[in-house]
Amino acid sequence: MQQEFSREGSDSSQAPSVSDNDYTTAVSQPIATSEDVDPRGFRGGHARRPNDAFIAVMGQTGSGKSTSVVDVYPYEVSPDSTVYLIDTPGFDDTNKSDTEVLEEIAMWLSDSYKNNIRLDGIIYLHRISDFRMQGSARKNLVTFNKLCGEGALKRVILASTMWDITREEVAVMREQELKETSHFWGWMLSQGSSCHRYNNTPESARQIVLSLIGRGDPIVTDLQTQMVDNGLSLEETAAGRDLNTALRKEIKKLTQEQRALEEHIKAAEKTRDRMTQEILKEERDRNRMMLEKAQNGTKALNATMETMMAKRDKRLAEMKKEISDLQQREKEHLRLVREQALALERERSARNEKKQRQQENTDLPLNFNNSGQRSTNLVTAGQNHRKGEVKNPPTKIWFSISLNGSLYSLRSPEKWICNACRALERVGSDRNRIESGYMAIGQPGEWIARYGNDTWITSKDFEQHYPDLIEKIKVFEIGNLDTCALGPNQQYYARWLDGSWYCTGSSALVRTIQNLIKGQNKIVAISLGFGKSFLVSYELNNGYLGWHHDLRGYYRGLERFLKGHNNISIHAVTLDPQSQTDYLVVFTEDSAKGRGKPKNKLHCSNRGTRHAISDWWETSKELREDS
Numbered sequence: 001m002q003q004e005f006s007r008e009g010s011d012s013s014q015a016p017s018v019s020d021n022d023y024t025t026a027v028s029q030p031i032a033t034s035e036d037v038d039p040r041g042f043r044g045g046h047a048r049r050p051n052d053a054f055i056a057v058m059g060q061t062g063s064g065k066s067t068s069v070v071d072v073y074p075y076e077v078s079p080d081s082t083v084y085l086i087d088t089p090g091f092d093d094t095n096k097s098d099t100e101v102l103e104e105i106a107m108w109l110s111d112s113y114k115n116n117i118r119l120d121g122i123i124y125l126h127r128i129s130d131f132r133m134q135g136s137a138r139k140n141l142v143t144f145n146k147l148c149g150e151g152a153l154k155r156v157i158l159a160s161t162m163w164d165i166t167r168e169e170v171a172v173m174r175e176q177e178l179k180e181t182s183h184f185w186g187w188m189l190s191q192g193s194s195c196h197r198y199n200n201t202p203e204s205a206r207q208i209v210l211s212l213i214g215r216g217d218p219i220v221t222d223l224q225t226q227m228v229d230n231g232l233s234l235e236e237t238a239a240g241r242d243l244n245t246a247l248r249k250e251i252k253k254l255t256q257e258q259r260a261l262e263e264h265i266k267a268a269e270k271t272r273d274r275m276t277q278e279i280l281k282e283e284r285d286r287n288r289m290m291l292e293k294a295q296n297g298t299k300a301l302n303a304t305m306e307t308m309m310a311k312r313d314k315r316l317a318e319m320k321k322e323i324s325d326l327q328q329r330e331k332e333h334l335r336l337v338r339e340q341a342l343a344l345e346r347e348r349s350a351r352n353e354k355k356q357r358q359q360e361n362t363d364l365p366l367n368f369n370n371s372g373q374r375s376t377n378l379v380t381a382g383q384n385h386r387k388g389e390v391k392n393p394p395t396k397i398w399f400s401i402s403l404n405g406s407l408y409s410l411r412s413p414e415k416w417i418c419n420a421c422r423a424l425e426r427v428g429s430d431r432n433r434i435e436s437g438y439m440a441i442g443q444p445g446e447w448i449a450r451y452g453n454d455t456w457i458t459s460k461d462f463e464q465h466y467p468d469l470i471e472k473i474k475v476f477e478i479g480n481l482d483t484c485a486l487g488p489n490q491q492y493y494a495r496w497l498d499g500s501w502y503c504t505g506s507s508a509l510v511r512t513i514q515n516l517i518k519g520q521n522k523i524v525a526i527s528l529g530f531g532k533s534f535l536v537s538y539e540l541n542n543g544y545l546g547w548h549h550d551l552r553g554y555y556r557g558l559e560r561f562l563k564g565h566n567n568i569s570i571h572a573v574t575l576d577p578q579s580q581t582d583y584l585v586v587f588t589e590d591s592a593k594g595r596g597k598p599k600n601k602l603h604c605s606n607r608g609t610r611h612a613i614s615d616w617w618e619t620s621k622e623l624r625e626d627s
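Quick note: the sequence shown uses full-length UniProt numbering, first residue 1, plus one each step.
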């Protein structure tokens with residue numbers, strides 16, 4: 001329930017439903033996250049008041065849940081009553097494993113229970129827009145049941161979302177199926193749970209919250225009893241055992257698939273079928289990452305309450321250090337910006353004085369004695385880099401590419417295709433003008449685009465997801481923005497026309513940018529990927545392009561490709577931040593004879609996106625050859 005329940009992007013052509021943070025923030029504002037939350041401190045260290053209430057919000061990512069940590073939102077019902085909404089990470093989060101999500105929830109529930117904070121109810125969110133209860137949704141519902149226990153189910157509200165983007169007769173039919181099927185909602189309803197519809201309005205969110213207030217003593221979940229009272233590890237709890245069983249089945253299946261892939265690769269090597277080898281190796285890498293993720297999940301389930309708290313404290317210390325380092329870099333950057341501004345002002349004053357002297361000379365009478373040595377022209381006619389007149393062939397191929405999940409924006413000098421702005425209200429007639437410019441797609445589906453006339457536009461909710469970038473834009477003005485790259489978790493890189501830049505990526509990326517600037521290398525392309533990975537392409541003195549990257553073990557197919565191709569110029573790159581494997585690179589092969597024709601290297605798991613990229617590339621190639 002953030003703002004109303006939570007924010008959810010939609011593939012529907014209708015207006016998007018209320019965003020992932022909407023359920024809780026419709027009735028409240030966040031006061032803490034799991035990184036710094038102390039359940040005893042919700043009321044400034046004072047004890048819980050008789051009329052206060054604590055309600056947890058759980059469910060799948062995309063049902064109205066998107067937070068990646070535990071956020072706490074206060075909602076003041078009356079002067080003597082405050083409801084605290086605890087918004088937990090969503091199941092099936094692309095950036096977190098189910099084990100990490102369960103661990104995050106268990107950490108908060110255990111700590112709050114230990115400090116005498118009891119839940120008054122739990123709201124479980126489900127998308128009514130889903131065609132059917134998928135396997136992952138059923139698995140998550142089972143985990144939720146085991147987490148709660150029968151005793152807590154009487155305080156569970158099963159709230160269906162996305163009614164505003166689903167035909168009413170279809171939604172009603174799906175709701176009826178959920179209620180009547182025992183292994184969906186049927187059994188939970190028989191144990192005292194209730195069913196509500198969330199209609200994407202603040203009033204609807206409030207009604208659901210208020211229905212859980214004043215219903216008697218708070219509840220204790222089975223997970224709290226098992227971990228705090230009985231001292232069990234997460235693996236030994238009912239929810240943990242269930243998840244561990246599922247993970248071990250997944251490990252067995254992936255291990256078998258890994259062996260089969262290795263055999264297929266060996267067979268392809270014998271026949272020297274390189275294309276098949278490459279495809280199989282990409283699939284093997286993806287399978288290996290999934291296997292490692294499942295194996296790490298089983299290990300993490302061994303955590304006890306004490307080890308989880310120690311892990312949280314360590315993470316908090318690391319975050320505080322990172323924030324301190326970032327603030328120091330920001331301070332140094334502001335100092336440099338002020339120095340640059342003063343230098344620009346001095347240059348501006350010098351130019352004005354010179355122009356004034358030239359004007360005075362022009363206004364002299366024609367019989368002015370101009371004998372003597374003739375001065376040379378300080379400003380000579382020549383190539384204008386900003387207008388594209390500078391002849392530097394190796395860096396003049398221009399592409400703009402951006403992938404994010406199923407969304408894409410692909411622009412070559414010949415063609416532009418994009419599906420990121422179909423359901424966004426603000427584009428309208430401006431869509432065609434973006435074709436001659438640039439677009440970067442961030443998370444969750446937010447974007448920033450530049451028209452051909454160097455004016456910029458952002459998606460409707462861009463400020464909510466990239467607040468720091470918006471603050472910088474307000475200071476330096478969007479009209480002065482030169483280029484921008486968006487990444488996951490509010491990460492971005494932005495450069496202004498005066499050379500000022502900001503980056504909220506990893507410290508390794510910031511150091512890379514600083515070193516390039518010291519070496520006077522202009523950044524041509526930059527992409528921020530999954531897990532703070534990145535790739536930066538920049539101009540070299542010889543006119544070609546160099547690149548630095550830190551893929552952090554992700555995008556292994558790209559890592560292999562780069563190791564085998566040292567003499568290439570990377571003109572555009574995008575690492576899909578929602579994937580650990582998907583990417584697109586546009587490059588040329590460099591040689592003593594000059595630059596080759598543009599080529600691309602792609603790995604994309606989404607079939608529709610893969611076909612769109614292929615069509616775009618082939619069409620661009622045909623148009624290029626015809627011109």
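Idealized CB from N, CA, C, for every residue including glycine.
query, result
"Grab me the residues of Ile123's own chain with a C-beta within less than 6 Å of its C-beta, minus the 5 sequence neighbours each way, in chain order.", "Val57, Ile157 and Ala159"
"Count the other CB atoms, across all protein chains shown, that sit within 10 Å of the CB of Leu623; report buried if there are 16 or more and exposed otherwise.", "exposed"
"Which residues does DSSP list as the beta-bridge partners of Ala449?", "Met439 and Ile457"
"Identify which residue in Ser136, Asp98 and Gly216 has its Cα closest to the Cα of Asn51.", "Gly216"
"If you check the beta carbons only, do Leu516 and Trp496 fall under 8 Å apart?", "no"
"To the nearest angstrom, report how far apart Asp285 and Glu292 are at their CA atoms.", "10 Å"
"How big is the Cα-Cα spacing for Asn606 and Gln490?", "24 Å"
"Which residue comes first and which comes last in the alpha helix (DSSP H) that contains Ser112?", "Asp98 to Lys114"
"Give the C-beta separation of Lys179 and Trp185 to the nearest angstrom, bearing in mind that I take them to be a contact with Cβ-Cβ under 8 Å.", "5 Å"
"Can you list, in chain order, the residues of its chain whose CB lies under 7 Å from that of Asn367, leaving out five sequence neighbours each side?", "Note on Asn367: pLDDT 34, under 50, position unreliable in the model; the coordinate value appears next. If we look at Asn367 and ignore the five residues flanking it on each side, it has no Cβ neighbours."
"Taking C-alpha atoms, which residue in Lys252, Leu247 and Glu278 lies nearest to Gly297?", "Leu247"
"Short check: CB of Glu235 to CB of Asn140, under 8 Å?", "no"
"Run through DSSP, which three-state label would Phe399 get?", "coil"
"By Cβ distance below 8 Å, which residues in the same chain neighbour Ser194 in space, the five residues on each side in sequence not counted?", "Val156, Ile157, Leu158 and Ser211"
"Give the DSSP bridge partners of Arg197, in chain order.", "Ser160"
"State the beta-bridge partners of Arg127 as determined by DSSP.", "Thr161"
"Rounded to the nearest angstrom, what separates Asn369 and Lys355 at their Cα positions?", "The pLDDT assigned to Asn369 is 33, lower than 50, so where the model puts this residue is not dependable, and the model offers no usable value."
"For the segment 539-614, list the alpha helix (DSSP H) runs that are entirely contained and at least 4 residues long, ordered along the chain.", "556-564"
"With distances taken between CB atoms, is the gap from Ala300 to Glu104 smaller than 8 Å?", "no"
"Going by C-alpha to C-alpha distance, which of Glu446, Asn567 and Met133 sits closest to Ala171?", "Met133"
"Could you give the first and the last residue of the continuous beta strand (DSSP E) run that contains Leu410?", "Leu407 to Arg411"
"For Phe530 and Ser406, what's the separation of their Cα atoms in angstroms?", "15 Å"
"Skipping 5 residues on each side, what residues in its chain have a beta carbon closer than 6 Å to that of Asp547?", "Note on identity: in this sequence residue 547 is Trp, with Asp being the wrong assignment. Once the five neighbours on either side are set aside, the close Cβ partners of Trp547 are Ser537 and Ile570."
"From this set, Ser129, Ala137, Leu261 and Leu147, which residue's C-alpha is nearest Thr161's C-alpha?", "Ser129"
"Nearest by alpha-carbon distance to Asn419: which of Leu334, Trp398, Glu446 and Lys472 is it?", "Glu446"
"So, with DSSP's three-state summary, where would you put Ile117?", "coil"
"Which same chain residues end up closer than 6 Å to Ile448 when comparing Cβ atoms and leaving out the 5 residues on each side of it in sequence?", "Ala440, Thr458 and Cys484"
"Could you check what DSSP says for Arg386 in three-state terms: helix, strand or coil?", "Per-residue confidence for Arg386 stands at a pLDDT of 35, beneath the threshold of 50, marking its modelled position as unreliable; the derived number appears in the next sentence. Coil."
"Going by alpha carbons, who is nearest to His549 out of Val585, Asp242, Lys518 and Ser579?", "Val585"
"Going by the beta-carbon positions, is the gap between Ile213 and Asp120 smaller than 8 Å?", "yes"
"Starting from Arg495 and walking both ways along the beta strand (DSSP E), at which residues does that stretch end?", "Tyr492 to Trp496"
"Quick one: Cα of Lys532 to Cα of Arg552, how far?", "8 Å"
"Tell me, please, which residues DSSP counts as bridged to Glu76.", "Thr82"
"For Arg374, does the count of other Cβ atoms within 10 angstroms reach 16, so buried, or fall short, so exposed?", "Because Arg374 sits at a pLDDT of 28, beneath the cut-off of 50, its placement in the model cannot be relied upon, and the point is left open."
"Is there contact between the segment 268-286 and the segment 555-567, where contact requires at least three CB pairs shorter than 8 Å?", "yes"
"For Lys601, which residues in the same chain have their Cβ closer than 6 Å to its Cβ, ignoring the five residues on either side in sequence?", "Phe561 and Val585"
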